[in-house]
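Since the structure comes first, as structure tokens, the remarks are kept for the end.
Residue numbers (our numbering), protein chains in the order written: chain R, 302 to 646; chain A, 158 to 748.
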């Protein structure tokens with residue numbers, strides 16, 4: 302038990318040190334990278350870990366006779382969560398969202414300190430001490446609070462009333478519902494039944510299993526399978542089309558979607574929202590190939606009404622590319638990210 | 158104290174021993190050691206990477222790198238023709254960012270990813286900001302980065318060999334042992350004199366905006382390149398994602414940039430002089446009003462962006478002089494610009510990648526001051542072959558896959574010169590657009606919800622247009638032009654300053670259906686466009702920003718002074734109540 306608690310205490314101490322380091326800018330907040338697409342789960346996991354750590358820390362301090370009052374535990378814990386959300390996560394979470402998390406964790410802290418009568422008494426004891434003090438430091442503290450509280454609250458309300466400019470928050474429909482069919486270069490494609498004509502096996506037949514076996518491997522780097530090099534001179538069928546798709550991608554798309562298809566291309570920093578990140582499991586991995594075909598062909602211009610704020614500079618690529626080129630680019634995007642397109646069934 | 162000095166002595170001894178050893182082993186070349194430039198030491202060539210490393214690196218290369226650098230590493234991958242600067246041609250072993258002396262191969266050791274001892278590894282880790290080369294940290298593991306470099310240095314560098322002791326030597330800048338001279342005013346002044354003396358300004362320009370000799374410089378492969386703009390340190394290739402670090406400038410200045418006209422100044426300047434110059438160059442980089450470095454977004458390696466351009470209120474006339482106190486004290490906003498690649502002619506290489514915007518308003522007008530760096534002042538000489546409203550114009554787009562002949566890099570300095578220009582677009586009837594009140598397309602939603610565009614061109618013209626859709630030509634707005642005014646326009650030492658005045662808009666003099674009404678305290682969607690005439694920018698070949706918001710700062714209302722006092726007083730009353738209650742309770746009394 303004690304061994305377990307001391308391990309937990311160590312985690313707790315590490316947590317506090319890490320946060321202090323991040324606030325003072327000694328430890329870069331991206332020392333442990335936030336995995337794109339899994340950020341909320343990762344942060345939740347880290348916080349849970351530190352909560353366990355703090356339990357251990359509080360227990361260890363207790364056994365060493367340096368018990369930390371419940372009152373300050375509650376406050377310190379809440380501050381930790383607020384600061385962690387502010388300094389750990391990059392790109393930063395907007396204040397309004399942090400305020401929401403802050404409220405939820407405040408309620409949680411309250412439930413914890415008031416779980417039973419005895420705990421609640423312990424929690425409010427320091428407040429009572431200050432209210433009741435007849436002499437000594439606590440009495441001084443009471444007078445200090447008497448002056449400070451009105452000044453602070455007045456200051457905050459002034460601050461809230463002075464006109465300020467903060468970027469309006471934009472909510473966005475990420476994957477708007479697609480139409481049943483789309484007309485590209487004079488031909489109508491039904492989204493439910495169309496297939497990528499280049500997703501073929503060596504016999505030239507549509508074969509998703511074959512292509513899925515030849516995409517890059519998941520894991521750090523997402524490298525191609527050793528025996529499936531699209532740049533091999535003898536590459537035929539699927540892999541050859543992947544290379545052709547890649548050529549088109551790197552002549553047209555990488556400027557925004559990036560050399561690694563992660564939405565961090567040369568021009569990406571200028572746009573808001575930044576271009577789609579295909580390596581994120583929430584984009585092309587969630588969609589059917591024909592959905593991508595429709596989005597690529599029609600671009601930001603072709604977004605339906607419910608797709609606003611429409612702030613997309615994605616060109617309707619039908620104006621720059623042929624149908625074949627679009628299919629090949631899509632083939633390449635799935636190959637390079639190592640995802641399977643979703644099927645309709 | 159004692160300890161450290163004995164340590165130093167020990168190091169000195171070892172160093173001296175090393176020099177003797179090297180001198181001994183190279184025999185007749187002893188004099189070469191004496192001739193080493195200040196701050197450099199002889200280094201040893203790294204051993205050949207293991208065969209497995211090279212083989213594993215091939216797999217990394219053909220997944221990630223081949224698309225730009227090409228099958229043979231000749232910098233001719235599919236993307237190459239539309240990039241400027243072009244991807245590196247590895248074949249000659251010419252690498253720009255190094256700690257080794259001019260002309261030498263960079264430091265690379267497949268077993269030692271130590272910062273400061275492995276130039277190529279650091280390039281891969283941090284990328285080359287200002288070019289298409291991204292940072293591969295977090296995408297490739299350390300091991301994978303070393304593997305792919307093993308492959309590149311042994312298989313794709315063809316004309317030289319990293320392990321050949323006969324032909325290669327390494328003279329390494331001891332960057333970590335040299336202590337920077339503090340960037341005092343004295344040091345910066347000395348640096349400012351030295352850049353003139355060393356003729357840096359001939360290429361980099363009087364103000365260091367890279368406008369000195371912008372159009373006659375070529376790299377080793379004959380492609381035109383431009384001198385660095387010292388005011389945008391985040392675009393320095395060698396900034397190692399740490400743009401305000403003076404050591405990076407010191408390094409580039411000491412070792413030169415191989416393959417380009419930028420020489421090494423190690424032989425004709427002392428270490429002290431080099432620190433003064435580095436301090437001066439670093440001091441030019443854009444900073445906040447209080448002199449602190451701009452916040453850099455670690456994901457983009459560019460300054461962080463705030464999308465609200467706030468406009469300050471002025472009593473009376475708004476000054477036309479950019480040096481006026483009101484303008485000088487006004488906060489400026491960084492507006493990032495990307496190439497317009499939605500609509501033909503696409504602008505893959507936008508030479509204007511940011512502008513600085515300030516704004517002031519009074520009871521009648523709102524005024525915008527635009528400042529942006531442009532190495533050349535471009536004014537079209539002849540008459541333009543199209544109407545200024547035309548957007549679907551016929552500027553030929555270069556085909557890719559045409560090799561060096563057709564690439565953007567070769568054409569870069571041979572464009573017909575058009576006008577430099579700047580424009581701002583605001584939504585008309587923005588209040589009626591759905592939240593967050595952005596028009597549907599960059600150039601207006603439709604006839605009913607148009608945008609209003611004000612465009613200034615370097616020939617002195619100021620025009621107003623109406624945009625009604627994504628691929629519609631603009632409509633000229635003669636009725637609005639008499640309401641707008643150009644207060645100031647000047648190109649000096651590589652920077653444009655343009656001040657444009659426009660009406661706030663009111664129901665009496667203006668047309669609600671066609672003009673943007675600027676309302677105090679509201680967020681008005683605003684887009685900025687910029688054209689560089691020497692880049693062949695015309696029509697929709699331009700640089701575009703995302704949607705920003707113009708925000709006219711309301712003056713502080715009187716309530717902001719009254720209510721907080723009332724609230725504070727209420728808190729005092731509440732405190733009194735709590736305390737009385739508590740003390741009564743203690744005394745056993747009840748109220």
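The C-beta atom is built at its ideal place from N, Cα and C for all residues, glycine as well.
As assigned by DSSP and simplified to three states, the class of residue 336 of chain R: Coil at residue 336 of chain R, not helix or strand.
For residue 502 of chain A, decide whether its Cβ has a neighbour in chain R, counting only Cβ atoms nearer than 8 Å. By this cut-off, residue 502 of chain A is not an interface position.
Counting only Cβ-Cβ distances shorter than 7 Å, please list the residues of the segment 520 to 541 of chain R near chain A, keeping chain order. 521, 522, 524, 525, 527, 530, 532
Where the alpha helix (DSSP H) through residue 348 of chain A begins and ends: 342 to 354
Does the distance from the C-beta atom of residue 248 of chain A to that of residue 267 of chain A stay below 8 Å? no
Could you tell me which whole alpha helix (DSSP H) segments of length 4 or greater appear in the segment 317 to 376 of chain R? 340 to 364
Could you please tell me which residues of the segment 565 to 591 of chain R, in chain order, have their CB closer than 8 Å to any CB of chain A? 565, 566, 567, 568, 569, 570, 571, 572, 573
State the CB to CB distance for the pair residue 529 of chain A and residue 687 of chain A, rounded to an integer number of angstroms; the pair is presumed to be in contact (CB under 8 Å). Correct: roughly 6 Å between the Cβ atoms.
Let's see if you can read the secondary structure: which residues bound the alpha helix (DSSP H) around residue 509 of chain R? For residue 509 of chain R, the enclosing alpha helix (DSSP H) covers residues 509 to 513.
How about residue 282 of chain A and residue 256 of chain A: are their beta carbons less than 8 Å apart? no
With distances taken from CA atoms, which of R:495, R:560, R:459, R:521 is nearest residue 645 of chain R? R:495
Alpha carbon to alpha carbon, how far is residue 355 of chain R from residue 344 of chain R? 16 Å
Can you tell me whether DSSP reads residue 183 of chain A as helix, strand or coil? The predicted position of residue 183 of chain A is uncertain, since its pLDDT is 41 and thus under 50; no value can be drawn from it.
Contact list for residue 301 of chain A against chain R, beta-carbon separation under 9 Å: What residue 301 of chain A touches in chain R: 521, 522, 524.
Measuring CB to CB, does residue 357 of chain R end up less than 8 Å from residue 316 of chain R? Cβ distance not < 8 Å, so residue 357 of chain R and residue 316 of chain R don't count as in contact.
Starting from residue 648 of chain R and walking both ways along the beta strand (DSSP E), at which residues does that stretch end? Chain R is shown from 302 up to 646; residue 648 of chain R falls before or after that span and cannot be answered.
Reference residue 406 of chain A; option with closest CA among A:420, A:434, A:427: A:434
Alpha carbon of residue 745 of chain A to alpha carbon of residue 438 of chain R, nearest angstrom: Pairing residue 745 of chain A with residue 438 of chain R, the inter-Cα distance amounts to about 25 Å.
Using 8 Å as the limit for Cβ to Cβ distance, is residue 442 of chain A near chain R? no
Pick from A:217, A:479, A:243, A:222: whose alpha carbon is nearest that of residue 557 of chain A? A:243
Measure the Cβ-Cβ separation of residue 203 of chain A and residue 319 of chain A and say whether it is below 8 Å. yes
Residue 683 of chain A burial status per 10 Å Cβ neighbour count (16 or more: buried): Burial call: buried.
Whose C-alpha, out of A:219, A:694, A:352, A:640, is nearest the C-alpha of residue 573 of chain A? A:694
Counting C-beta neighbours from all protein chains within 10 Å, is the total for residue 426 of chain R 16 or more, i.e. buried, or is it exposed? In summary, residue 426 of chain R is exposed, with fewer than 16 beta-carbon neighbours lying within 10 Å of its beta-carbon over all protein chains present.
Compute the distance between the beta-carbons of residue 298 of chain A and residue 524 of chain R, then report whether it is under 8 Å. No, the Cβ-Cβ distance between residue 298 of chain A and residue 524 of chain R is not below 8 Å.
Specify, as a first and last residue, the run of the beta strand (DSSP E) that residue 150 of chain A falls within. Outside the shown range of chain A, which is 158 to 748, sits residue 150 of chain A, and nothing can be said about it.
DSSP beta-bridge partners for residue 522 of chain A? A:660
Test: residue 632 of chain R CB closer than 8 Å to a CB of chain A: no
Extract the residue ranges of the beta strand (DSSP E) inside the segment 435 to 499 of chain A, only unbroken runs of 3 or more that lie entirely within it. 465 to 470, 490 to 493
Would the segment 537 to 553 of chain R count as touching the segment 594 to 613 of chain R if we require 3 or more Cβ pairs under 8 Å? Judged by Cβ distances under 8 Å, the segment 537 to 553 of chain R makes no contact with the segment 594 to 613 of chain R, as fewer than three pairs qualify.
Interface partners of residue 720 of chain A on chain R, CB under 7 Å: 458, 462
Which of helix, strand or coil DSSP assigns to residue 702 of chain A: Residue state for residue 702 of chain A is assigned as coil, using DSSP reduced to three classes.
Is it the case that the segment 346 to 356 of chain A contacts the segment 633 to 645 of chain A, given that we only count it when at least three CB pairs across the two stretches are under 8 Å? no
Using a Cβ cut-off of 9 Å, pull out every chain R residue sitting near residue 757 of chain A, in sequence order please. Residue 757 of chain A falls outside the range modelled here, since chain A spans only 158 to 748, and no answer is possible.
My understanding is that residue 217 of chain A touches residue 304 of chain A, with C-beta atoms under 8 Å, so please give their C-beta distance in whole angstroms. 6 Å
CA-to-CA distance, residue 310 of chain R to residue 420 of chain R, given in whole angstroms: Going from the Cα of residue 420 of chain R to the Cα of residue 310 of chain R covers about 22 Å.
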